[in-house]
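Student: Protein chains in written order, with this note's numbering: chain A, 9 to 331; chain B, -9 to 484.
Handing you this structure, nothing more for now.
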């Protein structure tokens, strides 16, 4: 058993060596660089990076499964907005307990995911189009409900999931670990996980294998919706408010983390372990650029090139390995 | 010396990371001959052809055309040297018309204003010249696979090539269409075209080829005149050993009826098929392409939503609405098209071997990896699959080994009834013989097998009884003692 675990760890490093080096290189650079030397490697900053990127990890676990399925999910960012608004609205406008607001928010995420899954399964419309539509619909609902202005909610309980602590650890970091373990178990330790790879690798063959292709797709999109709902709760809690503009572009950060993590856009292959590193790379990059005082407009440009470079290096490495 | 050859390839070597794909390979093609290139999968035929077509660059070796040394450093250079290749995989654009496909990249008229009428007319003339009943203005997606193949050939010919390479052109077309194809080939050779013909079908060699070059393990074994050799010699050259028993079959007395199907229809290709299968029996399904054989079996397997008809397993009437139901009643189906319906190409041999039987080793968030490896190994051993490891990505295996993994995958479900749809398509002779032996072993152990095949020799030599289908219906059933190619063809064209 221990030998097997050791093998697993070795394999993990071997599979992800390119991006692990990239992540370490970024960290080393930030530790050496004059303006970030004293600020980067502090417990406060490290927790800060994790806290800010918890929501991206929630989205990216779902996105990894969706992309392995050969699909794409663009509505996750809008779900962050809608679910955050619903959470805050329940508390502020209806005087409901915070926990009800949180559950309602996650429920809204699940509903959007089920809607995506249902339409994708019942029609032949490509996931790109379906989720592009639901992205707009969801965002629209969030704006209509709020009239465009944020709903502020300052109670301690509301702040707990995004800005609170469990002992010395920020709550979102704890949530991040729990979500990641659940996702890993789901993908690697269940029949459903194998079925996701099978459907993404060859849907026609999966049908011959007696796999209920539609059920697999429905579950994955629903799961992703739920994760987006949780991300929405965490983001709203961190911002002390439900904002209809929260989560703008979050889907792109999630997709970036997944592809940097080595999951192929053509479906059928990919690993959550890679996605985790992908999320950290994007997170450290954002954080480092901020600490270095790089203008936020320039940050987009740098980020774009770094994503391209990371994926390209991985692509070359795989080609050499003949995969 | 080399003047007499239309094409001569000398000392060609090409390696890929870790593999020497070609080692000092030579090939000589005369004008006006059909020259067969034989070899098991992985012998290097395709690599050699890709070198000739300018897709790969050989590290060593020279190519001469009519005694002149030529440098082929790209697809365009190959075409300019008069070489055209019809690849095994079709490379037509489905949403364009036949004419557009034939003239793709060299449309008549100016760059901005294509003369569509001219293009359509020229294409139709070409098609008519070879008596292909295809309208040049049809969209390619509306053509059958066989028709698409014909368009590929017309396209290749239309470059006025002197050297034509055909990579397994008959693997997916019916016998009648093969006849057409051969006539076309003969017409071309009369004009002085030299054809390199790759095929796994021995019977075709005798019919159409003049000479044959055999390759094995990236080397040329030898070149022979087809009339002066025979099938056994060639097979021995290909596999490097004598294959004494190509077909292995011990005919035993079959048991009770295990599967009975009546009036099977899927509302489309399968119209009204009835047949029965006894325990320990192999029944063959013969017929032309499009006769509805695969569709009938898919309907029985629960893959046709509008299926009608009755299925009885061991005398009990059963409702099979999905492959899950079929597996429950002990029916497994190894699909016809490995690539589209079977393989998870980017996944490992292990993943591909165990996808049907996950419940045997994944329980309550625990994967019993040891059990998973055991199951995989059991069927690798049983099928004698050649793979470097269980982690090997299946897409990197040869066709024969991929097929063995496919059959193993379905055997792992422990079926009583095994349906094999074209079990040896694209499989080399060595692996074919092994698959026949395994089929024989399985029925001896009491399994019952339905085999759909378009290769008559395999149907005739392996089946207890042969059902022949035409237009979605069973037109007859022949006993193995009386079955002949002629009797099958009569029923198939009824």
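Yeah, the Cβ is synthetic: ideal placement off N, Cα and C, and Gly gets one too.
Residues of the segment 307 to 334 of chain B in Cβ contact with chain A at a cutoff of 8 Å, in chain order, please.
Tutor: Those residues of the segment 307 to 334 of chain B that come within reach of chain A (Cβ to Cβ, closer than 8 Å) are 312, 313, 314, 316, 317, 323, 325, 330, 331, 332, 333 and 334.
Student: Which of helix, strand or coil does DSSP assign to residue 6 of chain B?
Tutor: Note: residue 6 of chain B maps to strand in three-state DSSP.
Student: Between which residues of its own chain and residue 480 of chain B is the CB-CB distance below 7 Å, once the five residues before and five after are set aside?
Tutor: Result list for residue 480 of chain B: empty, nothing under 7 Å.
Student: Can you find the residues in the same chain that come closer than 7 Å, C-beta to C-beta, to residue 452 of chain B, ignoring five residues on each side of it along the sequence?
Tutor: Closer than 7 Å at Cβ, skipping near neighbours: 237, 239, 272, 274, 426, 429 and 441.
Student: With residue 313 of chain B and residue 293 of chain B assumed to form a contact (beta carbons below 8 Å), what rounded beta-carbon distance in angstroms separates them?
Tutor: With a Cβ gap of about 7 Å, residue 313 of chain B and residue 293 of chain B count as contacting.
Student: Taking the alpha helix (DSSP H) that residue 96 of chain B belongs to, which residues open and close that run?
Tutor: From DSSP, residue 96 of chain B is part of no alpha helix (DSSP H); its letter is neither H nor E.
Student: Quick test of your reading: residue 137 of chain A and residue 238 of chain A, contact by CB under 8 Å. State the CB separation rounded to the nearest angstrom.
Tutor: Not quite, the Cβ-Cβ distance comes to about 26 Å (not below 8 Å), so this is no contact.
Student: Quick one: is residue 270 of chain A near chain B, going by C-beta distance under 9 Å?
Tutor: False, the Cβ-Cβ gap to chain B never drops below 9 Å.
Student: Are the Cβ atoms of residue 44 of chain B and residue 57 of chain B separated by less than 9 Å?
Tutor: The answer is no: Cβ separation not under 9 Å.
Student: Check whether the Cβ of residue 356 of chain B lies closer than 9 Å to any Cβ atom in chain A.
Tutor: Closer than 9 Å: yes.
Student: Taking Cβ-Cβ distances below 7 Å as the criterion, which residues of the segment 253 to 286 of chain A are in contact with chain B?
Tutor: If the cut-off is 7 Å between Cβ atoms, the segment 253 to 286 of chain A has 276 and 277 near chain B.
Student: When you compare only the Cα positions, how much space is there between residue 176 of chain B and residue 198 of chain B?
Tutor: Those two C-alpha atoms are separated by around 8 Å.
Student: Just the chain A side, please: which residues come within less than 7 Å of residue 348 of chain B by C-beta, in chain order?
Tutor: The answer, in chain order, is 199 and 202.
Student: Residues in the segment 180 to 199 of chain A with C-beta within 8 Å of chain E's C-beta atoms, listed in sequence order?
Tutor: You won't find chain E in this structure, because its protein chains are A and B.
Student: Helix or strand or just coil, what does DSSP make of residue 111 of chain A?
Tutor: Residue 111 of chain A: helix per DSSP, three-state reduction.
Student: How is the alpha helix (DSSP H) around residue 156 of chain B delimited, first residue to last?
Tutor: No alpha helix (DSSP H) contains residue 156 of chain B, which is instead part of the beta strand (DSSP E) from 153 to 157.
Student: Is it a yes or a no for the segment 301 to 313 of chain A touching the segment 278 to 287 of chain A, going by three-plus beta-carbon pairs under 8 Å?
Tutor: No contact exists between the segment 301 to 313 of chain A and the segment 278 to 287 of chain A.
Student: Taking Cβ positions, are residue 204 of chain B and residue 462 of chain B nearer each other than 9 Å?
Tutor: Not a contact, by the Cβ cut-off of 9 Å.
Student: Under 9 Å, Cβ to Cβ, is there at least one residue of chain A near residue 337 of chain B?
Tutor: Yes, contact with chain A.
Student: Which partner residues of residue 300 of chain B appear in the DSSP bridge assignment?
Tutor: Answer is B:252, bridged to residue 300 of chain B.
Student: Can residue 143 of chain A and residue 83 of chain A be called in contact, C-beta distance under 9 Å?
Tutor: The answer is yes: Cβ separation under 9 Å.
Student: Closest Cβ-Cβ distance between residue 251 of chain A and chain B: below 9 Å?
Tutor: Output row for residue 251 of chain A: interface = no.
Student: Assuming residue 58 of chain B is part of the beta strand (DSSP E), what are its boundary residues?
Tutor: Residues 58 to 60.
Student: In this structure, does DSSP put residue 457 of chain B in helix, strand or coil?
Tutor: Of the three classes helix, strand and coil, the one that applies to residue 457 of chain B here is strand, per DSSP.
Student: Should residue 353 of chain B be counted as a contact of the ligand NAD given a C-beta to heavy atom distance under 8 Å?
Tutor: The model on display carries no ligand, and the ligand NAD is accordingly not part of it.
Student: For residue 173 of chain A, write down the residues that DSSP places opposite it in a beta bridge.
Tutor: Answer is A:178.
Student: Measuring alpha carbon to alpha carbon, tell me which residue in A:253, A:270, A:100 and A:197 is nearest residue 30 of chain A.
Tutor: The candidate whose alpha carbon is nearest that of residue 30 of chain A is A:270.
Student: For residue 323 of chain B, tell me which candidate among A:15, A:216, A:244 and A:207 has the shortest Cα-Cα distance.
Tutor: Selected option, being the one with the closest Cα: A:216.
Student: Kindly indicate which three-state DSSP category residue 245 of chain A falls into: helix, strand or coil?
Tutor: Correct three-state label for residue 245 of chain A: helix.
Student: Less than 9 Å separating the beta-carbons of residue 174 of chain B and residue 126 of chain B?
Tutor: Going by C-beta atoms, residue 174 of chain B is not nearer than 9 Å to residue 126 of chain B.
Student: Note down, in chain order, every chain A residue with its Cβ under 8 Å from the Cβ of residue 293 of chain B.
Tutor: Within chain A, the residues near residue 293 of chain B are 215 and 216.
Student: Since residue 380 of chain B contacts residue 419 of chain B with CB under 8 Å, what's their CB separation in whole angstroms?
Tutor: No, residue 380 of chain B and residue 419 of chain B are not in contact; Cβ-Cβ is about 26 Å, not under 8 Å.
Student: Grouping DSSP H, G and I as helix and E and B as strand, with all else coil, what is residue 167 of chain B?
Tutor: Three-state result, residue 167 of chain B: helix.
Student: Which two residues bound the contiguous alpha helix (DSSP H) that contains residue 215 of chain A?
Tutor: Where residue 215 of chain A is concerned, the enclosing alpha helix (DSSP H) stretches over 211 to 216.
Student: Among residues of its own chain, excluding the 5 on either side of residue 214 of chain B, which ones have a beta-carbon nearer than 6 Å to its beta-carbon?
Tutor: Counting only Cβ-Cβ distances below 6 Å, and skipping sequence neighbours, we find 202.
Student: Where does residue 236 of chain A fall in DSSP's three states?
Tutor: Helix at residue 236 of chain A.
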